[in-house]
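Chains as they are written, first to last, in full-length UniProt numbering: chain A, 1 to 345; chain B, 1 to 317. Even for Gly, the Cβ is constructed at its ideal location relative to N, Cα and C. For reference, the structure discussed in these notes is given below.
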Amino acid sequence: MSALVSAAGPAVVLSNLRVAFGKVQVVDGVDLTVERGQALALIGESGSGKSVTLRAILRLFPESRSRIEGGIFAAGKDVQALGKRALADFRGGDVSMIFQEPLLAFDPVYTVGQQITEAIHRHETITKADARKRALALFERVRIPSPERRLDNYPHEMSGGMRQRAMIALALACHPQVLLADEPTTALDATVQIQVLLLLRELQRDLGLSIVIVTHDLGAAVEVADRIAVMYAGKIVETGTAHQVVLDPHHPYTIGLLRSRAEGALEKGARLQTIPGSPPDLANRPAGCPFAPRCFLAEERCQTEMPPVGEIAPGHRVACWHTDEAASAYRAGPTPVRAIEPLPA
Amino acid sequence: MLLYILKRLVAVTPVAFGVSIVCFLLVHLAPGDPLSAILPADATQQTIDDMRAAYGFDKPLPVQYLIWLWHVLHGDLGVSIATGRPVLGEVSRAVVNSLILASVATALGFTFGVLFGFVAGYRRNSLADRVASALSVFGVSVPHYWLGMVMVIVFSATLGWLPPTGAGPDGSGNWRPDFDHLRYLILPAVTMSVIPTGIIARTVRALVADILAQDFVEALRAKGMDELGVFKHVVRNAAPTALAIMGLQLGYLLGGSILIETVFAWPGTGFLLNAAIFQRDLPLLQGSILVLAMFFVLLNLVVDVMQTALDPRIERA
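Have a look at this one:
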């Protein structure tokens, strides 16, 4: 583990991460590595545990109501071992986070500028004027027009896209190595979404940031991410480079996600493909593969035995008993993939 | 900001006029002839008519109102029928006393209410929360005249620590800030503070719990703020609402303390109103109601302005 807490190791390593709230095991054994300067997208539907995985990197849950197990290493630190003070220094200093709804993530009764300088003062000993100067430079960096004036805006006085830019400026205020983004574009207009994604991509390149972005939007994931990890029911079912996952998926759930997109020119009257059923109740996890009840390839073994993670190609890992059938079903093209009825138990 | 205050002042004027009309009419709608209280039962019709004319009760109501308003605008609230002294003097002395009592009670209520509310809101469903919540329910629901009597029984009659009634040792209606007078203030102020304590505690508890559940609190933690740093944000977010409630409570206590002031014979507006009602002292009644209503209007204005200063989302145009 010593390599993980050195400055040269990967930006984020999660090893067998498990997060539970009460009896509900929301994240169930996640292994993940984000190399330095890389962007990784965690995708999956609501309730798949992707946001919880992201927050676990900052241990952002009330300790009395949550249990985090497994290894969390980020920006060269063993997050599980950090004390209260060190954890607060780590948050925003080494690893920072941007949120889905920037209007709610800013305190409404302080100006945006105040909230940025507050973070700078929290992490560094710096004069007020210098903190303000840094905030101004950050606003220019994220290309907020008339930045001097905008610093004195209250959050409700900005547009959605501008607020998210300001949120990014706040997150970058103390030169973090890792940026966590929780659905950063979900609350924005379509035209603004792409601008924010491009900005993230640019910052990652220019500042050497490592980014973990949580999204349910495959398009957004492809836009910013070098690698994609697909989550289902608290487990990672497929990881690989963005190309591997999107062009050559080997897990039936990934295939379902890809098929359910309204991609390109959809024929008029054509129905959008869906994944039948709904995610499992995490308080009563099925014994085998959690996706089995909804899977078009499921057979008896899937219901009883959790498939191990296998490596399809270098860096492309999938947890499924039927990776080959899944991949060829996808390659076979537009034939609609229909789910079979759940097997009798 | 100044423009906003001016605008609010202009908006308040029609309200004040409305209030004056209501005050004037309310008293006239009430049954009972004010003169019957001061005239002997065997007064002749001639005497009654003379007195009527002397107090202006023989003129039609609108005329009476205009005459009254004219005098009020000149600072003349008339002469008390019962005591023969100017109403303004009586009312202002009572207002000062009530203001002292209400301010101390509100300050106590605010302090304890905010304290209980924060503890309960921060540690929801803990023992501290349950105790604080139980206390605030008790504070809101206990009849305070009863509580006042219990306080008198315990601290005056049984223990003999504090005087039971009045505003000072000399029996006069003038409270002074010294130790002897302070002892007279304690029982009514504590009794009176129980209600605002309960109301403020319940409001602040809900407020704090609501603020702590908001996304920006998580965002504050995510940027490395410690508990003290988060606490400052919670306070700043809770302040406008807490202050508004406090202002309204002060208003209620200024006018709504008839029972407590009567139990403790505290020479304030409640006590005065009580006396005016029982003696059918019309000018005194009108005058004190008007002054109290104006206080309310003024207090609302102050609270509005303070809220605007504290919360940028309230439009300042």
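Residue range of the unbroken alpha helix (DSSP H) whose run includes Lys-133 (chain A):
On the first sequence, residue 133 (chain A) is found 133 positions in, with the first residue counted as 1. Residues 128–141.
Just to confirm, are Phe-155 (chain B) and Trp-161 (chain B) a CB contact at a threshold of 7 Å?
Start at 1 with the first residue of the second sequence, and residue 155 (chain B) comes out as number 155. Start at 1 with the first residue of the second sequence, and residue 161 (chain B) comes out as number 161. Result yes, Cβ atoms of Phe-155 (chain B) and Trp-161 (chain B) sit closer than 7 Å.
Taking C-beta pairs closer than 9 Å, name the residues in chain B that Pro-147 (chain A) reaches, listed in chain order.
Translated into the one-based positions of the first sequence, residue 147 (chain A) becomes position 147. Here the premise fails: no neighbours, minimum Cβ distance about 19 Å.
Close-in-space but distant-in-sequence residues of the same chain around Gly-139 (chain B) (CB under 7 Å, 5 per side omitted):
The count along the second sequence starts at 1 and reaches residue 139 (chain B) at position 139. Counting only Cβ-Cβ distances below 7 Å, and skipping sequence neighbours, we find Val-194, Ile-195, Thr-197, Gly-198.
With 7 Å as the limit, tell me which residues of the segment 93–111 of chain A have their beta carbon closer than that to any beta carbon of chain B; keep them in chain order.
Gly-93, Ser-96, Met-97, Phe-99, Glu-101, Leu-104, Ala-105, Phe-106, Asp-107, Pro-108, Val-109
Residues of the segment 78–94 of chain A whose Cβ lies closer than 9 Å to any Cβ of chain B, in chain order:
Lys-84, Arg-85, Leu-87, Ala-88, Asp-89, Phe-90, Arg-91, Gly-92, Gly-93
Name the chain A residues that come within less than 9 Å of Asp-311 (chain B), Cβ to Cβ?
Numbered from 1 along the second sequence, position 311 holds the residue referred to as residue 311 (chain B). Simply Pro-108, Val-109.
Against chain B, which members of the segment 127–160 of chain A pass a CB distance test of less than 8 Å?
Tyr-154, His-156
Bridge partners for Lys-232 (chain B) per DSSP, in chain order?
Taking the second sequence and counting its residues from 1, the one referred to as residue 232 (chain B) is at position 232. BP columns for Lys-232 (chain B) are empty, so no partner.
Where do the ends of the beta strand (DSSP E) carrying Ser-210 (chain A) lie?
Stepping through the first sequence from its first residue, residue 210 (chain A) is reached at position 210. Run containing Ser-210 (chain A): 210–215, per the beta strand (DSSP E) assignment.
Might you give, ordered along the chain, the residues of its own chain that have their beta carbon closer than 8 Å to the beta carbon of Gly-148 (chain B), omitting 5 neighbours on each side?
Position 148 of the second sequence, counted from the first residue, corresponds to residue 148 (chain B). So the list reads Leu-187, Pro-188, Thr-191, Leu-259, Ile-260, Val-263, Phe-264, once near-sequence residues are dropped.
Quick one: using the 10 Å Cβ neighbour count with 16 as the cut-off for buried, is Phe-110 (chain B) buried or exposed?
The count along the second sequence starts at 1 and reaches residue 110 (chain B) at position 110. Burial call: buried.
Check the DSSP bridge columns for Ser-15 (chain A) and list the partner residues they point to.
Locating residue 15 (chain A) in the first sequence gives position 15, counting from the first residue. Answer is A:Gly-71, bridged to Ser-15 (chain A).
For Leu-209 (chain A) versus Leu-203 (chain A), is the C-beta spacing smaller than 7 Å?
What you label residue 209 (chain A) is simply residue 209 of the first sequence in a count that begins at 1. What you label residue 203 (chain A) is simply residue 203 of the first sequence in a count that begins at 1. It is a contact, given that the beta carbons lie within the stated cut-off.
Among the residues of its own chain, which have a CB less than 8 Å from the CB of Arg-285 (chain A), if the five just before and after it don't count?
Looking up residue 285 (chain A) in the first sequence gives position 285. If we look at Arg-285 (chain A) and ignore the five residues flanking it on each side, its Cβ neighbours are Gln-25, Asp-28, Ala-233.
Endpoints, the alpha helix (DSSP H) within which Leu-108 (chain B) is located:
As a working note, residue 108 (chain B) is residue 108 in the second sequence. Here the alpha helix (DSSP H) through Leu-108 (chain B) covers 87–122.
Amino acids of chain B, ordered along the chain, whose beta-carbon sits closer than 8 Å to that of His-123 (chain A):
As a first step, residue 123 (chain A) is located in the first sequence; it is residue number 123 there, counting from the start. Those within 8 Å of His-123 (chain A) in chain B are Gly-224.
Touch check for the segment 238–246 of chain A and the segment 66–85 of chain A: three-plus C-beta pairs under 8 Å?
no
Decide if Ser-126 (chain B) is buried, meaning its Cβ has at least 16 other Cβ atoms within 10 Å, or exposed.
Here the question's residue 126 (chain B) lines up with position 126 in the second sequence. By the neighbour-count rule (16 or more Cβ atoms within 10 Å), Ser-126 (chain B) is not buried but exposed.
Counting only the same chain and skipping the five closest in sequence on each side, list residues whose C-beta sits under 7 Å from that of Ser-15 (chain A).
Translated into the one-based positions of the first sequence, residue 15 (chain A) becomes position 15. So the list reads Asp-31, Gly-70, Gly-71, once near-sequence residues are dropped.
Pick from A:Val-112, A:Pro-155, A:His-156: whose alpha carbon is nearest that of Ala-135 (chain A)?
Start at 1 with the first residue of the first sequence, and residue 135 (chain A) comes out as number 135. Of A:Val-112, A:Pro-155, A:His-156, the residue nearest in Cα terms is A:Val-112.
Between the CA atoms of Leu-101 (chain B) and Val-72 (chain B) - distance to the nearest angstrom:
Here the question's residue 72 (chain B) lines up with position 72 in the second sequence. Here the question's residue 101 (chain B) lines up with position 101 in the second sequence. Taking the straight line joining both Cα atoms gives about 26 Å.
Are the segment 205–217 of chain B and the segment 112–122 of chain B touching by the rule of at least three beta carbon pairs closer than 8 Å?
yes
Out of A:Arg-65, A:Thr-33, A:Ser-64, point me to the one whose CA is closest to Leu-54 (chain A)'s CA.
The count along the first sequence starts at 1 and reaches residue 54 (chain A) at position 54. It is A:Thr-33.
Would you verify that the beta carbon of Phe-216 (chain B) is, or is not, closer than 7 Å to some beta carbon of chain A?
Counted from its first residue, the second sequence places residue 216 (chain B) at position 216. It does: the Cβ of Phe-216 (chain B) has a partner Cβ on chain A nearer than 7 Å.
Buried or exposed: Asp-324 (chain A), going by 16 or more other Cβ atoms within 10 Å of its Cβ?
Along the first sequence, one-based indexing puts residue 324 (chain A) at 324. So Asp-324 (chain A) counts as exposed.
Kindly provide the ranges of any alpha helix (DSSP H) runs that are 4 or more residues long and lie completely inside the segment 193–249 of chain A, ordered along the chain.
218–224, 242–247
Is DSSP giving Asp-281 (chain B) helix, strand or coil here?
What you label residue 281 (chain B) is simply residue 281 of the second sequence in a count that begins at 1. Reduced to three states, the DSSP call for Asp-281 (chain B) is coil.
Are there three or more Cβ pairs, one per stretch, closer than 8 Å when the segment 214–221 of chain A is compared with the segment 183–196 of chain A?
yes
Just verifying my parser: in three-state terms, what is the DSSP assignment at Phe-21 (chain A)?
By one-based count along the first sequence, residue 21 (chain A) stands at place 21. Phe-21 (chain A) falls in the strand class under three-state DSSP.
Run through the DSSP bridge pairs and tell me what Leu-32 (chain A) is partnered with.
What you label residue 32 (chain A) is simply residue 32 of the first sequence in a count that begins at 1. DSSP, once it has assigned bridges, lists A:Leu-14 as partnering Leu-32 (chain A).
What span of residues does the beta strand (DSSP E) with Ser-96 (chain A) cover, start to end?
By one-based count along the first sequence, residue 96 (chain A) stands at place 96. That run of the beta strand (DSSP E) goes 95–98.
Taking Cβ to Cβ, would you say Ile-116 (chain A) is nearer than 7 Å to Ala-173 (chain A)?
Against the first sequence, residue 116 (chain A) aligns to sequence position 116. Against the first sequence, residue 173 (chain A) aligns to sequence position 173. Yes. Within cutoff.
Would Ala-119 (chain A) count as contacting chain B if we go by Cβ distances under 7 Å?
The count along the first sequence starts at 1 and reaches residue 119 (chain A) at position 119. Output row for Ala-119 (chain A): interface = yes.
Tell me, which residues are paired with Ile-43 (chain A) by DSSP?
Position 43 of the first sequence, counted from the first residue, corresponds to residue 43 (chain A). DSSP output for Ile-43 (chain A) lists A:Thr-215, A:Val-230 as bridge partner(s).
From this set, B:Val-96, B:Phe-112, B:Gly-287, B:Leu-301, which residue's C-alpha is nearest Ile-5 (chain B)'s C-alpha?
Looking up residue 5 (chain B) in the second sequence gives position 5. Closest by alpha carbon: B:Leu-301.
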